[in-house]
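The structure appears below as structure tokens.
Residue numbers (my numbering): 44 to 148.
What follows is the structure, encoded as structure tokens:
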């Protein structure tokens, strides 16, 4: 993932876990977050809900190995931008990311 995004000119920061991301300084300034849903310690959905509870609304693209219906987030959370089942089409993911990054704020 890191190499794919960098090869398209994007600045990338990676984290070992959702907990590490939440603890990182400046995480609220993230332009777009790409996260797996199933991770050890804290799922991507739990991380997303925690960001929302903190009042941090980052566009999120989820990647999942379980392509059934997208999981539910808490009622007060803004819905994620997209869900991509594994294996995903790299061109579609990049197009989605670039659409998010080019949105007016």
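A virtual CB, placed ideally from N, CA and C, is assigned to each residue, including glycine.
All figures in this text were calculated on a predicted structure; none of them were measured in a lab.
Length of the line joining the Cα atoms of residue i and residue j
i           : j           : result
residue 145 : residue 60  : 27 angstroms
residue 44  : residue 135 : 13 angstroms
residue 65  : residue 47  : 23 angstroms
residue 53  : residue 133 : 14 angstroms
Cross-strand partners of residue i (DSSP beta bridge)
i           : result
residue 103 : 76
Residues near residue i in its chain [Cβ-Cβ closer than 8 angstroms; skip 5 each side]
i          : result
residue 75 : 101, 102, 103, 104, 124, 140, 143 and 144
residue 81 : 87, 107, 108 and 109
Own chain, CB closer than 6 angstroms to residue i, minus 5 neighbours either side, in chain order
i          : result
residue 83 : none
Residue closest to residue i, alpha-carbon to alpha-carbon, out of the options
i           : options        : result
residue 129 : 87, 79 and 137 : 79
Neighbourhood of residue i by C-beta distance below 7 angstroms, restricted to the same chain and skipping five residues each side
i          : result
residue 51 : 137
residue 99 : 71
residue 62 : 84 and 85
Exercise. Can we say the region 86-98 touches the region 59-74, given the rule of at least three CB pairs closer than 8 angstroms?
Worked result: By the Cβ rule, the region 86-98 counts as touching the region 59-74, because three or more pairs are nearer than 8 angstroms.
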